Amino acid sequence: MDQFSGSGTTLVEAKLLNRNAIGVDVNPKSVDLSKENLDFECETSSRIVVRNGDARTLSFIRDESIDFICTHPPYADIIKYSDNIGADLSLFNEQDFLEAIDEVAKEAHRVLKHGKCCAVMMGDKRRKGNVVPLGFQVMNTFLDAGFKSKEIIIKEQHNCRSTSKWTNIERDFLLLEHEYIFVFYK
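Just so you know, the sequence shown maps onto residues 218 to 403 in the working numbering.
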């Protein structure tokens with residue numbers, strides 16, 4: 218399952234791997250785009266479902282019925298995902314975003330089978346020149362929802378808007394050119 222399926226990348230990979238998958242997205246345009254991206258032939262018997270919906274309310278999914286969650290929520294209010302969709306978390310300020318992510322994490326915990334994994338990709342952000350550790354705040358939200366931490370993977374981000382500010386600096390460290398992939402289990 219992907220609770221923030223966007224253009225359907227996770228769903229396309231599930232189809233290619235012959236896995237069943239559910240994608241949920243708050244933006245109807247993204248649901249349509251996912252369906253377009255899934256419209257290709259391959260040898261598979263997988264069943265892929267794409268639904269317009271809110272990641273905080275997955276009432277159409279039974280408790281403990283999902284084997285794996287792979288998702289990539291927005292980074293609070295960094296990049297607007299829509300203009301006026303009320304449930305779009307990219308329109309929320311940080312505090313409201315974290316409260317909404319709490320609901321997302323609880324729903325993910327509810328639908329995931331015991332002993333299975335949930336992977337969440339999240340990055341940090343800057344506000345007025347200061348780092349906001351949004352990634353770790355989201356990680357803690359999932360831990361508070363009952364997940365256990367299995368792994369933290371750091372992924373270098375090549376399409377970061379601020380990367381160009383740092384390209385002339387010689388260094389052996391990353392500033393905000395990375396995202397975290399938090400792997401949890403239930």
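Glycine residues also receive a C-beta, built at the ideal position from the N, C-alpha and C atoms. Computed from a predicted structure; not experimentally measured.
Decide if the segment 274–291 is in contact with the segment 328–343; the criterion is three or more beta carbon pairs, one per stretch, under 8 Å apart.
yes
Measuring alpha carbon to alpha carbon, tell me which of Y402, K403, I371 ends up nearest H395.
Within the sequence shown, residue 395 is the residue found at index 178, counting from 1. Answer by Cα proximity: I371.
Can the beta-carbon of N244 be found closer than 8 Å to that of R264?
Your numbering for residue 244 matches position 27 in the sequence shown. Your numbering for residue 264 matches position 47 in the sequence shown. No, they are not a contact pair.
Specify whether the segment 285–294 and the segment 250–266 touch according to this definition: at least 3 beta carbon pairs, one from each stretch, less than 8 Å apart.
no
Here's the rule I'm using: 16 or more other beta-carbon atoms within 10 Å means buried, otherwise exposed. How should T277 be labelled?
For the purposes of this step, residue 277 is identified with residue 60 of the sequence shown, where counting begins at 1. Checking the displayed sequence, the identity of residue 277 turns out to be Phe instead of Thr. With fewer than 16 other Cβ atoms within 10 Å, it is exposed.
Can you grab the Cα-Cα spacing for the pair K246 / G363, in whole Å?
Working through the sequence shown from its first residue, we reach residue 246 at position 29. Working through the sequence shown from its first residue, we reach residue 363 at position 146. Answer to the nearest angstrom: the Cα atoms are 33 Å apart.
In three-state DSSP terms, what is K246?
Here residue 246 refers to the residue found at position 29 of the sequence shown. Note: K246 maps to helix in three-state DSSP.
Starting from D284, follow the alpha helix (DSSP H) in both directions and report where the run begins and ends.
Residue 284 sits at position 67 when you count from the first residue of the sequence shown. Segment 283–288 is the beta strand (DSSP E) holding D284; no alpha helix (DSSP H) there.
Between the beta-carbon of L351 and the beta-carbon of D361, is there less than 8 Å?
Stepping through the sequence shown from its first residue, residue 351 is reached at position 134. Stepping through the sequence shown from its first residue, residue 361 is reached at position 144. Contact: no.
Between which two residues does the alpha helix (DSSP H) harbouring R327 extend?
Along the sequence shown, one-based indexing puts residue 327 at 110. Taken as a continuous stretch (DSSP letters only), the alpha helix (DSSP H) holding R327 covers 311–328.
Just to confirm my understanding: we take S299, look at its own chain, exclude 5 residues before and 5 after, and list those with CB closer than 6 Å. What are they?
Position 82 of the sequence shown, counted from the first residue, corresponds to residue 299. Counting only Cβ-Cβ distances below 6 Å, and skipping sequence neighbours, we find N244, D305.
Tell me where the alpha helix (DSSP H) around K367 begins and ends.
On the sequence shown, residue 367 is found 150 positions in, with the first residue counted as 1. Where K367 is concerned, there is no enclosing alpha helix (DSSP H), although the beta strand (DSSP E) it sits in stretches over 365–373.
Residue of L234, A322, L315 minimising C-alpha distance to V349
For the purposes of this step, residue 349 is taken as residue 132 along the sequence shown, with counting starting at 1. Considering only alpha carbons, the answer is L315.
Helix, strand or coil for K342? Go by DSSP, reduced to three states.
Your numbering for residue 342 matches position 125 in the sequence shown. The answer is strand: DSSP assigns K342 an E or B state.
Roughly how far, in whole angstroms, is the beta-carbon of Q220 from the beta-carbon of A272, given that I think they are within contact range, below 8 Å?
Position 3 of the sequence shown, counted from the start, is the residue given in the question as residue 220. Position 55 of the sequence shown, counted from the start, is the residue given in the question as residue 272. With 8 Å as the limit, Q220 and A272 qualify as a contact, their Cβ atoms being about 4 Å apart.
Taking the alpha-carbon of K365 as reference, which of A322, T227, E373 has the nearest alpha-carbon?
If you number the sequence shown from 1, residue 365 lands on position 148. Among A322, T227, E373, the Cα nearest to that of K365 belongs to A322.
Just to confirm, is the Cβ distance from M338 to I286 under 8 Å?
One-based indexing of the sequence shown puts residue 338 at position 121. One-based indexing of the sequence shown puts residue 286 at position 69. Not in contact: M338 and I286 (Cβ atoms no closer than 8 Å).
Once DSSP output is grouped into helix, strand and coil, what is the label at G223?
For the purposes of this step, residue 223 is taken as residue 6 along the sequence shown, with counting starting at 1. Reduced to three states, the DSSP call for G223 is coil.
Residue interval of the beta strand (DSSP E) (run including N235)
Taking the sequence shown and counting its residues from 1, one reaches residue 235 at position 18. Premise fails: N235 is in no beta strand (DSSP E) and is neither H nor E.
Quick check: does the Cβ of R264 come within less than 7 Å of any heavy atom belonging to the ligand NAP?
In the structure shown, the ligand NAP is absent, as is every other ligand, since no ligand is present at all.
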